[in-house]
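Participant: Below you'll find the structure I mean.
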Amino acid sequence: MALPSSPFTSKASAFHIPPESNPPCSLLQKHPSLSLLSGCKNMETLKQIHAQFIKFGLHNTHFGLSKLVGFCALSPSGNSNYALLIFDAIENPTEILWNTIIHGYALSSNPELALEFYVKMVSLGNYPNSYTFPSLFKSCKKLMAAQIGKQVHGCVVKLGLDNAVSFTALIGGYVSRGCLDEARELFDGIPVRDVVSWNAMISGYAEVGRFGEALSLFENMWKLNVTPNESTLVSVLSASLAVFRHMQLERVEPNDVTFLNILPACAHMGALDMGRWIHVYINKNCHHLQNSSLWTSVIDMYAKCGSIEAAKQVFFGLETKSLSSWNVMISGLAMHGNGHGAIDLFSKLIEEGIEPDDVTFVGLLSACSHGGLVELGRLHFSSMVQDYKIQPKLPHYGCMIDLLGRAGLFDEAKSLLECMDIEPDGAIWSSLLGACRIHGNLELGEYAASSLFKLDPNNHGAYVLLSNIYAGAGRWNDVARIRTMLNDNGLKKVPGCTSIELDSVVHEFLVSDRTHPQSEDIYRMLDEIDRRLEMAGHVPNTSEVHYDMDEEWKEGILSQHSERLAIAFGLISTKPGTTLRIVKNLRVCGNCHSATKLISKIFNREIIARDRNRFHHFKDGCCSCMDYW
DNA sequence: CTAGGGTTAG
1 MALPSSPFTS
11 KASAFHIPPE
21 SNPPCSLLQK
31 HPSLSLLSGC
41 KNMETLKQIH
51 AQFIKFGLHN
61 THFGLSKLVG
71 FCALSPSGNS
81 NYALLIFDAI
91 ENPTEILWNT
101 IIHGYALSSN
111 PELALEFYVK
121 MVSLGNYPNS
131 YTFPSLFKSC
141 KKLMAAQIGK
151 QVHGCVVKLG
161 LDNAVSFTAL
171 IGGYVSRGCL
181 DEARELFDGI
191 PVRDVVSWNA
201 MISGYAEVGR
211 FGEALSLFEN
221 MWKLNVTPNE
231 STLVSVLSAS
241 LAVFRHMQLE
251 RVEPNDVTFL
261 NILPACAHMG
271 ALDMGRWIHV
281 YINKNCHHLQ
291 NSSLWTSVID
301 MYAKCGSIEA
311 AKQVFFGLET
321 KSLSSWNVMI
331 SGLAMHGNGH
341 GAIDLFSKLI
351 EEGIEPDDVT
361 FVGLLSACSH
371 GGLVELGRLH
381 FSSMVQDYKI
391 QPKLPHYGCM
401 IDLLGRAGLF
411 DEAKSLLECM
421 DIEPDGAIWS
431 SLLGACRIHG
441 NLELGEYAAS
451 SLFKLDPNNH
461 GAYVLLSNIY
471 AGAGRWNDVA
481 RIRTMLNDNG
491 LKKVPGCTSI
501 ELDSVVHEFL
511 VSDRTHPQSE
521 DIYRMLDEID
531 RRLEMAGHVP
541 NTSEVHYDMD
551 EEWKEGILSQ
561 HSERLAIAFG
571 LISTKPGTTL
581 RIVKNLRVCG
591 NCHSATKLIS
601 KIFNREIIAR
611 DRNRFHHFKD
621 GCCSCMDYW
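FYI, in full-length UniProt numbering the residues of the first sequence are 1 to 629.
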């Protein structure tokens with residue numbers, strides 16, 4: 001249905017300002033039939049109640065009518081036609097009735113009707129109030145009608161309605177269009193903010209991946225102000241302090257929705273301290289959330305922050321385990337390279353009589369792939385199709401291609417690729433390309449790369465992988481050619497960035513970064529690391545540097561990779577023996593991988609590193625991935 | 001009596 005256009009543009013706009021607000025119309029009646037409505041479950045009962053209303057004369061009261069229309073228009077088991085039928089028979093509908101109808105349409109699949117009704121309401125001389133606007137904003141959001149949304153916005157401003165609800169709905173509209181800075185401006189201007197307003201803003205940041213801002217906004221709910229500087233991204237103060245401050249200051253209390261938004265942000269940032277604190281908080285304050293899917297997010301957070309043991313503890317402590325909680329646990333084990341653990345858990349799930357879904361198998365197959373369990377991977381893949389009647393989707397094929405490719409079984413990978421009933425996506429070609437890099441398969445690598453470029457010419461990572469393959473083969477001309485291609489296409493490298501959380505503060509490092517306040521000490525430590533690595537016989541493998549530079553320069557760059565900086569910072573900032581946890585946005589390079597193994601031994605530190613794909617637990621000179629990644 | 005925020009599983 002077309003949007004009403006004229007009323008919004010003409011002089012006699014629906015968005016003009018009323019001379020004064022209407023007096024509230026309240027007609028409260030007490031009658032036994034009214035209590036019937038609260039238990040009303042479906043339209044059939046509603047019609048009986050309606051009949052009762054007529055019998056006792058309640059159908060002429062605004063209160064009774066509001067209740068009836070409210071159920072029909074707003075309840076999921078209601079009926080908007082019936083609501084309209086009642087509504088149309090009312091001579092002078094109250095604001096409440098108009099608002100209810102408008103809200104009903106805002107919730108429906110025809111939100112444009114809400115706007116139409118609003119126009120009708122105003123043209124009949126009724127004025128909108130603070131209850132009207134949130135529904136209108138919701139409709140505009142659904143319809144992606146930014147212009148109309150702005151007009152409604154203007155109207156709210158002119159009317160001077162300064163309640164949080166209208167503002168929050170408006171923020172929701174801006175957030176949904178990705179206009180976060182505008183949303184933030186509004187948010188900062190709300191006279192009174194409550195949890196829902198905070199949640200709207202936090203979820204906006206989290207949704208578009210501005211996790212740092214989401215986290216710091218969360219922190220600000222208690223005004224735990226820490227001064228951030230350019231090189232450190234402050235996430236939150238220590239947990240106990242936060243709770244204490246929270247109790248002292250009467251700040252807005254977060255709720256389950258807040259955590260639902262914040263936990264994934266912690267997971268992405270690897271902010272374990274903060275995640276842990278939220279977990280404690282939920283345990284203490286949210287007893288009513290026993291069976292909430294919030295726990296799934298907690299498990300996922302622990303797994304992604306490198307604490308797989310804590311994830312297990314939460315998972316096994318759950319009274320009722322939803323399929324999603326099984327799924328995140330299996331995927332978590334997969335991420336940590338614990339293939340057998342994932343498979344065992346899958347068997348348990350089957351024993352408990354739970355029906356796995358396609359997501360379960362993505363986790364299971366990726367566990368096989370990260371654990372190098374070729375035979376088991378094949379087995380579960382065919383079992384998925386035959387026993388569980390689940391059609392493989394792209395991620396399943398992706399896991400299998402990854403599994404076979406890493407194992408160097410290129411013929412089998414190719415034949416699987418050929419018999420797929422779906423077009424392979426970029427992820428599949430990337431896996432194959434990655435496998436070709438590991439095994440130095442130049443021919444297939446070139447093919448995978450060209451397929452990938454067709455799908456996504458701007459995939460910087462693909463150029464790097466291909467270039468690495470050429471570099472490994474000493475084909476420096478081709479390396480240079482790729483570099484030119486990158487420049488010609490104006491592609492910028494995603495800068496490698498590693499973060500480390502210390503005392504609840506997340507510190508981020510880029511390659512050769514010197515912006516950290518403790519930069520001097522960090523570089524002194526880097527020299528020390530280099531010296532001791534050399535003593536231990538570490539020979540930097542420069543083959544993955546995709547520029548043809550002289551060896552010494554390459555080594556220089558290698559030892560200043562972002563992960564090395566984060567580790568050096570971790571070494572100088574923590575007590576001997578403390579486990580270091582780092583998070584990298586890209587895949588760890590081969591050189592850093594072997595260097596980190598040695599560092600774990602030389603400095604006697606366990607180093608848990610998350611890269612783009614998975615976790616590496618470095619200990620005593622070995623890595624949990626068994627060099628298989 | 002009517003209004004705003006909602007994740008996770010490669």
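Built from N, CA and C at the ideal position, the CB exists for glycine as well. On a predicted model such as this, the values are computed, not experimentally measured, just so you know.
1. Helix, strand or coil, according to DSSP, for Ile-90 in the structure here?
2. In this structure, what does DSSP give as the bridge partners for Leu-502?
3. Which residue or residues does DSSP assign as beta-bridge partners of Cys-622?
4. Between the Cα of Met-269 and the Cα atoms of Leu-65, Ile-422 and Met-301, which residue gives the shortest distance?
5. Between which two residues does the alpha helix (DSSP H) containing Ala-471 stretch?
6. Taking the alpha-carbon positions, what's the Lys-304 to Ser-562 distance?
7. Counting only runs of 4+ residues fully inside the stretch 362 to 404, write out the alpha helix (DSSP H) ranges in chain order.
8. If you reduce the DSSP assignment to three classes, tell me which class Arg-610 lands in.
9. Given Asp-530, which residues of its chain have a CB within under 7 Å of its CB, disregarding the five upstream and five downstream residues?
10. Using only alpha-carbon positions, find the residue among Ser-624, Arg-612 and Ile-262 that is nearest to Thr-596.
11. Rounded to whole angstroms, what is the Cα-Cα separation between Arg-437 and Ile-469?
12. According to DSSP, simplified to helix, strand and coil, what is Arg-514?
13. So which of Ile-572, Leu-586 and Met-221 has the shortest CA-CA distance to Ser-197?
14. By a C-beta neighbour count over all protein chains shown, 10 Å radius and 16 as the cutoff for buried, is residue 630 buried or exposed?
15. Would you tell me roughly how many angstroms separate the C-alpha atoms of Arg-587 and Asp-611, rounded to the nearest one?
16. Does the beta-carbon distance from Lys-167 to Leu-186 come in below 8 Å?
17. Please report the residue range of the alpha helix (DSSP H) in which Ile-190 lies.
18. Find out if the Cβ-Cβ distance for the pair Trp-295, Val-280 is shorter than 8 Å.
19. Can you tell me whether Pro-23 is helix, strand or coil according to DSSP?
20. Look up Val-583 in the DSSP assignment and give the residues it is bridged to.
21. Quick check: the Cα distance between Pro-93 and Phe-87, rounded to an integer number of angstroms?
22. Would a C-beta distance cut-off of 8 Å place Leu-161 and Phe-137 closer than the cut-off?
23. Quick one: Cα of Asp-627 to Cα of Cys-419, how far?
24. Leaving aside the five residues before and after residue 631 along the sequence, list all residues of the same chain whose C-beta is less than 6 Å from its C-beta, in chain order.
25. Assign residue 631 to buried or exposed, taking buried as 16 or more other Cβ atoms, counted over all protein chains shown, within 10 Å of its Cβ.
26. Identify, in the order they occur along the chain, each residue of the same chain with its Cβ nearer than 6 Å to the Cβ of Tyr-205, setting aside the five sequence neighbours on each side.
27. Throw me the rounded Cβ distance for the Gly-172 and Lys-141 pair, which I believe falls under 8 Å.
28. Note the first and the last residue of the continuous alpha helix (DSSP H) segment covering Tyr-118.
29. Please name the residue, chosen from Asn-459, Lys-414 and Gly-461, that lies closest to Leu-444 on a Cα-to-Cα basis.
30. Decide if Thr-100 is buried, meaning its Cβ has at least 16 other Cβ atoms within 10 Å, or exposed.
31. Buried or exposed for Phe-117, going by 16 or more other Cβ atoms inside 10 Å?
32. Is the separation between the beta-carbon of Asn-541 and that of Ser-594 shorter than 8 Å?
33. Pairs of beta-carbons, one from the stretch 332 to 348 and one from the stretch 366 to 379, closer than 8 Å: are there three or more?
34. With distances taken from CA atoms, which of Pro-32, Arg-614 and Leu-36 is nearest His-336?
35. For Thr-132, tell me which candidate among Ile-262, Cys-40 and Gly-104 has the shortest Cα-Cα distance.
36. The alpha helix (DSSP H) with Asn-163 in it runs from where to where?
Facilitator: Per the coordinate set shown:
1. To locate residue 90, count along the first sequence from 1; it is residue 90. Coil.
2. Looking up residue 502 in the first sequence gives position 502. For Leu-502, which the question treats as bridged, DSSP gives the partners Val-505.
3. Numbered from 1 along the first sequence, position 622 holds the residue referred to as residue 622. Paired residues: Lys-619.
4. Here the question's residue 269 lines up with position 269 in the first sequence. Closest option to Met-269, Cα to Cα, is Met-301.
5. Here residue 471 corresponds to residue number 471 of the first sequence, with the count starting at 1. From DSSP, the alpha helix (DSSP H) with Ala-471 extends over 460 to 472.
6. Within the first sequence, numbered from 1, the residue matching residue 304 stands at position 304. Within the first sequence, numbered from 1, the residue matching residue 562 stands at position 562. Near 20 Å, if we compare the C-alpha coordinates of Ser-562 and Lys-304.
7. 374 to 386
8. By 1-based counting over the first sequence, the position of residue 610 is 610. Strand at Arg-610.
9. In the first sequence, the residue the question calls residue 530 occupies position 530. Once the five neighbours on either side are set aside, the close Cβ partners of Asp-530 are Ser-559.
10. Along the first sequence, read from residue 1 onward, the residue named residue 596 stands at position 596. The shortest Cα separation from Thr-596 among Ser-624, Arg-612 and Ile-262 belongs to Ser-624.
11. Counting from 1 along the first sequence, the entry for residue 437 is found at position 437. Counting from 1 along the first sequence, the entry for residue 469 is found at position 469. Their backbone Cα atoms lie some 5 Å apart in a straight line.
12. Residue mapping note: residue 514 aligns to position 514 of the first sequence, counting from 1. Looking at Arg-514 - three-state DSSP - the assignment turns out to be coil, as it is neither helix nor strand.
13. For this step, residue 197 is matched to residue 197 along the first sequence. Considering only alpha carbons, the answer is Met-221.
14. Because the chain in this structure spans residues 1 to 629, residue 630 falls outside the shown range and cannot be described.
15. Counting from 1 along the first sequence, the entry for residue 587 is found at position 587. Counting from 1 along the first sequence, the entry for residue 611 is found at position 611. Approximately 5 Å between the Cα atoms of the pair.
16. Here residue 167 corresponds to residue number 167 of the first sequence, with the count starting at 1. Here residue 186 corresponds to residue number 186 of the first sequence, with the count starting at 1. Sequence check: residue 167 is Phe here, not Lys. Cβ atoms of Phe-167 and Leu-186: closer than 8 Å.
17. Here residue 190 is taken as the residue at index 190 of the first sequence, counted from 1. Unbroken run through Ile-190: none, as it is neither H nor E.
18. Taking the first residue of the first sequence as position 1, residue 295 is located at position 295. Taking the first residue of the first sequence as position 1, residue 280 is located at position 280. No. Outside cutoff.
19. Within the first sequence, numbered from 1, the residue matching residue 23 stands at position 23. In this prediction, Pro-23 scores a pLDDT of 35, lower than 50, which makes its location untrustworthy; no coordinate-derived value is stated.
20. Here residue 583 refers to the residue found at position 583 of the first sequence. Ser-499 and Arg-610, per the DSSP bridge assignment.
21. Position 93 of the first sequence holds residue 93. Position 87 of the first sequence holds residue 87. Cα to Cα, the separation comes out at about 7 Å.
22. For the purposes of this step, residue 161 is identified with residue 161 of the first sequence, where counting begins at 1. For the purposes of this step, residue 137 is identified with residue 137 of the first sequence, where counting begins at 1. No, Cβ-Cβ distance for Leu-161 and Phe-137 is not below 8 Å.
23. Here residue 627 is taken as the residue at index 627 of the first sequence, counted from 1. Here residue 419 is taken as the residue at index 419 of the first sequence, counted from 1. The alpha-carbon atoms of Asp-627 and Cys-419 are separated by roughly 30 Å.
24. Absent from the structure is residue 631, since the part of the chain shown begins at 1 and ends at 629.
25. Absent from the model: residue 631. The displayed extent of the chain is 1 to 629, so no value can be given.
26. As a first step, residue 205 must be located in the first sequence, where it is residue number 205. Glu-213 and Ala-214, listed in sequence order.
27. As a first step, residue 172 is located in the first sequence; it is residue number 172 there, counting from the start. As a first step, residue 141 is located in the first sequence; it is residue number 141 there, counting from the start. Their Cβ separation, rounded to whole angstroms, is 6 Å, which keeps Gly-172 and Lys-141 in contact under 8 Å.
28. Indexing the first sequence from 1 puts residue 118 at position 118. It spans 112 to 123 - the alpha helix (DSSP H) in which Tyr-118 sits, taken as one unbroken run.
29. Walking along the first sequence from the start, residue 444 turns up at place 444. Checking every option, the nearest Cα to that of Leu-444 belongs to Lys-414.
30. Residue mapping note: residue 100 aligns to position 100 of the first sequence, counting from 1. Thr-100 comes out buried.
31. Reading the first sequence from its first residue, position 117 is the one you call residue 117. With 16 or more other Cβ atoms within 10 Å, it is buried.
32. Looking up residue 541 in the first sequence gives position 541. Looking up residue 594 in the first sequence gives position 594. Yes.
33. yes
34. Along the first sequence, one-based indexing puts residue 336 at 336. The shortest Cα separation from His-336 among Pro-32, Arg-614 and Leu-36 belongs to Arg-614.
35. Against the first sequence, residue 132 aligns to sequence position 132. Closest option to Thr-132, Cα to Cα, is Gly-104.
36. Translated into the one-based positions of the first sequence, residue 163 becomes position 163. Where Asn-163 is concerned, there is no enclosing alpha helix (DSSP H), given that its DSSP letter is neither H nor E.
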